[in-house]
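Numbering of the sequence shown is given in the working numbering, commencing with residue 1 and proceeding in unit increments. Below you'll find the structure, written out as structure tokens, and then a few comments.
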Amino acid sequence: MENDDDDLDDDGDNEAWSPLDEPVEALRDERFGEALFLLDATLMANVLPEPARARALGMRAQALLGLGQLDRAKEGLVHALRAARALGDADGVTQLRGLNQTIYAALAHKSEQTRLAAEEAKLLEASLESLLETAQSPHERVMALIRKANQAADLHTPDVPLARRAVAEADALSEGIREQVLARLCLARACPEEAERWLADARDRADEADEPNLVGAVASAARAMGVRLAERVF
Numbered sequence: 001m002e003n004d005d006d007d008l009d010d011d012g013d014n015e016a017w018s019p020l021d022e023p024v025e026a027l028r029d030e031r032f033g034e035a036l037f038l039l040d041a042t043l044m045a046n047v048l049p050e051p052a053r054a055r056a057l058g059m060r061a062q063a064l065l066g067l068g069q070l071d072r073a074k075e076g077l078v079h080a081l082r083a084a085r086a087l088g089d090a091d092g093v094t095q096l097r098g099l100n101q102t103i104y105a106a107l108a109h110k111s112e113q114t115r116l117a118a119e120e121a122k123l124l125e126a127s128l129e130s131l132l133e134t135a136q137s138p139h140e141r142v143m144a145l146i147r148k149a150n151q152a153a154d155l156h157t158p159d160v161p162l163a164r165r166a167v168a169e170a171d172a173l174s175e176g177i178r179e180q181v182l183a184r185l186c187l188a189r190a191c192p193e194e195a196e197r198w199l200a201d202a203r204d205r206a207d208e209a210d211e212p213n214l215v216g217a218v219a220s221a222a223r224a225m226g227v228r229l230a231e232r233v234f
């Protein structure tokens with residue numbers, strides 16, 4: 001009879017946790033918006049036992065992280081950690097600390113991206129002459145030329161002579177493979193009738209340098225321009 005009572009208790013525990021089944025599945029499938037909706041509804045209904053509620057708070061922070069709502073995710077994680085600590089759930093605290101590291105890493109990345117975007121905006125607002133005057137190396141000069149030529153292309157006013165100048169100065173660099181590839185991508189944008197030639201040249205240089213990131217950049221540029229590069233013959 002005692003075993004039967006234990007089985008009934010287990011069934012009751014499983015039922016108490018069952019409202020989390022759908023949110024768990026939604027998180028697993030990266031349906032973060034749906035998971036957040038389900039978790040909010042369950043938490044508002046106040047039907048979960050305390051251990052399940054603590055788990056739901058952690059899942060909610062995970063859903064917010066998946067949605068890119070980092071500040072809300074950080075705030076939600078604080079509540080989840082508080083609940084797990086109150087229950088003495090050491091495993092839960094450990095898991096939440098891992099999520100906490102992920103959230104803070106995402107926040108740091110977002111901050112860095114914001115800083116880089118602000119710097120890029122300043123560069124684009126500056127005149128070419130001022131950028132060249134303040135450049136502290138030939139590499140920086142070439143990147144200034146590339147940025148301004150790409151800016152012109154973005155504004156649908158391509159500056160072909162400027163893009164050709166970027167290629168010429170990039171080719172004069174020692175150890176300037178990155179600048180040489182980027183300058184050719186820039187010229188391909190500025191001069192669509194020569195795009196296939198410059199994209200192929202950029203691909204060859206990236207391949208020879210064994211630079212996967214540059215190879216990927218060339219492939220992306222070719223797709224964006226609708227250029228199908230000929231297969232290489234080895």
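Glycine included, each C-beta is placed from N, C-alpha and C at the ideal position.
In this structure, residue 183 lies near residue 170, with their beta-carbon atoms less than 8 angstroms apart. Distance from the Cα of residue 49 is smallest, within the candidate group 142, 18, 27, 72, for 18. When rounded, the separation of the alpha-carbon atoms in residue 33 and residue 63 is 7 angstroms. In the DSSP annotation of this structure, the continuous segment of the alpha helix (DSSP H) that includes residue 79 starts and ends at 70-86. Counting the other Cβ atoms within 10 Å of the Cβ of residue 136 gives fewer than 16, which makes it exposed. Counting only runs of 4+ residues, the alpha helix (DSSP H) found wholly inside the region 101-179 occupies 128-134, 138-154, 160-171, in chain order. The alpha-carbon of residue 42 is positioned some 56 angstroms away from that of residue 187. Distance from residue 112 to residue 143 at the Cβ level is roughly 19 angstroms; contact not present, criterion being Cβ atoms closer than 8 angstroms. DSSP, reduced to helix, strand and coil, places residue 197 within a helical segment of the structure shown.
For residue 189, the secondary structure class from DSSP, reduced to helix, strand or coil, is helix.
Note on residue 92: 16 or more other CB atoms within 10 angstroms of its CB, so buried under the neighbour-count rule.
Setting aside the 5 residues that flank it on each side, residue 159 is surrounded in the same chain by 149, 152, 190, each with a C-beta closer than 7 angstroms to its C-beta; the list follows chain order.
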